[in-house]
Amino acid sequence: MSYKDGRIIVSEYTSEQVKESLKKQEHVIEWINKNCTKVGNMLTNNFGMENQYNNISFLNNPLEICKKKSLTMLVDSVFIREYALKNFDVKCFTTLDLINTLLTENKIDKEKHCDLFGKLMIMGYVLLPISKDVFIHYLKENNYKINTEIQLLLNYLKIHFFNENYLINLVAEILSWIWTEEIPLSDRRIITDELCAALCFNRSNTVIIPRLISLSKTKFHFLVAHQWNKMKDCIEEWLEVRILN
Numbered sequence: 006m007s008y009k010d011g012r013i014i015v016s017e018y019t020s021e022q023v024k025e026s027l028k029k030q031e032h033v034i035e036w037i038n039k040n041c042t043k044v045g046n047m048l049t050n051n052f053g054m055e056n057q058y059n060n061i062s063f064l065n066n067p068l069e070i071c072k073k074k075s076l077t078m079l080v081d082s083v084f085i086r087e088y089a090l091k092n093f094d095v096k097c098f099t100t101l102d103l104i105n106t107l108l109t110e111n112k113i114d115k116e117k118h119c120d121l122f123g124k125l126m127i128m129g130y131v132l133l134p135i136s137k138d139v140f141i142h143y144l145k146e147n148n149y150k151i152n153t154e155i156q157l158l159l160n161y162l163k164i165h166f167f168n169e170n171y172l173i174n175l176v177a178e179i180l181s182w183i184w185t186e187e188i189p190l191s192d193r194r195i196i197t198d199e200l201c202a203a204l205c206f207n208r209s210n211t212v213i214i215p216r217l218i219s220l221s222k223t224k225f226h227f228l229v230a231h232q233w234n235k236m237k238d239c240i241e242e243w244l245e246v247r248i249l250n
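Our numbering applies: residue 6 is where the sequence shown begins, and numbers increase by one.
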């Protein structure tokens, strides 16, 4: 996974490619050690050899600095946050905390917040309080086309430990927006199919889809009820194909 021109790029590499990349990195480090003068603070290790944490000075050292200067640390790992608090009495905050604070303090607008939030999802962060706004933002940004970024966002709906009712309501809200916006019909149908496929991943589509159709009706204003009927037909066609297959 890499970041270029404001976009996240996902690539797959073979084990041989990974080994070759690591080999090159080792050569770079070896060259630095032989030819460069290193500056900055050396890592210290105040844990004794008998301590189980004596071999992670790369983590202990910045935590000791935070403790000494009464600083908080940006950490996304639950384990490290617990470790920091237990062993150094250092409190931490997450990337999500940071972007939410930036929004609250008007340092970024809602669109930028959705963009950053979506990037966390794309990079593999889990258990985020997702909303339709993030999906809508990325669909608009990508001209309603299903690309790699959108597919990674949709994969988020496949996570098994999300509550089904929560996901059904989320997808219903996204669908109500899709079918009432000025979006080409072909794109509407493709997005709807992809949403249904993600929602029903490792779940019973004959159970999920009727619930989705029923709930989604409440998301449409009575003046656009005809759009709900069109969406319903599209979803039922998708389900019929899946049942036949």
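We put the beta carbon where it would ideally sit given N, CA and C, even for glycine.
Length of the line joining the Cα atoms of residue i and residue j
i: W184; j: C119; result: 21 Å
i: R194; j: K150; result: 11 Å
i: V139; j: K39; result: 48 Å
i: E154; j: Y143; result: 8 Å
i: G123; j: L220; result: 25 Å
i: I179; j: C201; result: 11 Å
i: S82; j: L101; result: 12 Å
i: V23; j: E35; result: 18 Å
i: Y18; j: E25; result: 11 Å
i: L121; j: N147; result: 15 Å
i: I135; j: K145; result: 17 Å
i: D114; j: S75; result: 30 Å
i: N170; j: L190; result: 27 Å
i: K73; j: S62; result: 16 Å
i: I141; j: N105; result: 18 Å
i: P67; j: H231; result: 60 Å
i: C41; j: H32; result: 14 Å
i: K117; j: Y130; result: 18 Å
i: Q30; j: V212; result: 51 Å
Cβ-Cβ distance between residue i and residue j below 9 Å
i: K91; j: M78; result: no
i: M126; j: L157; result: yes
i: I270; j: L103; result: In the structure as shown, the chain begins at 6 and stops at 250. Residue 270 is therefore absent and cannot be evaluated.
i: K235; j: W182; result: no
i: W243; j: I214; result: yes
i: L133; j: F166; result: no
i: I37; j: K43; result: yes
Other residues of its chain near residue i: CB distance less than 6 Å, five sequence neighbours each side excluded
i: W233; result: K222, F225
i: Y161; result: M126
i: N168; result: none
i: F206; result: K163
i: C71; result: M78, V95
CB-CB length for residue i against residue j, believed under 8 Å
i: L204; j: V246; result: L204 to V246, Cβ: 15 Å. No contact.
i: E110; j: F93; result: The Cβ separation is near 28 Å, so there is no contact.
i: E199; j: L249; result: Their Cβ separation, rounded to whole angstroms, is 19 Å, which puts E199 and L249 out of contact at 8 Å.
Cβ shell of residue i (< 7 Å), same chain only, five flanking positions each side left out
i: L172; result: L162, L204
i: I218; result: K237, I240
i: R216; result: I173
i: V229; result: T185
i: N210; result: L244, R247
i: I188; result: Y149
Nonlocal neighbours in the same chain, by C-beta distance under 8 Å from residue i, ignoring five residues either side
i: V80; result: R86, A89, C97, F98, T99
i: D192; result: Y149, K150
i: R208; result: E169
i: S20; result: none
- [ ] Taking only runs that begin and end inside the stretch 122–168, name each unbroken alpha helix (DSSP H) of 4 or more residues, in chain order.
- [x] Counting only unbroken stretches of 4 or more residues, the alpha helix (DSSP H) elements lying wholly within the stretch 122–168 are 137–146, 153–160, in sequence order.
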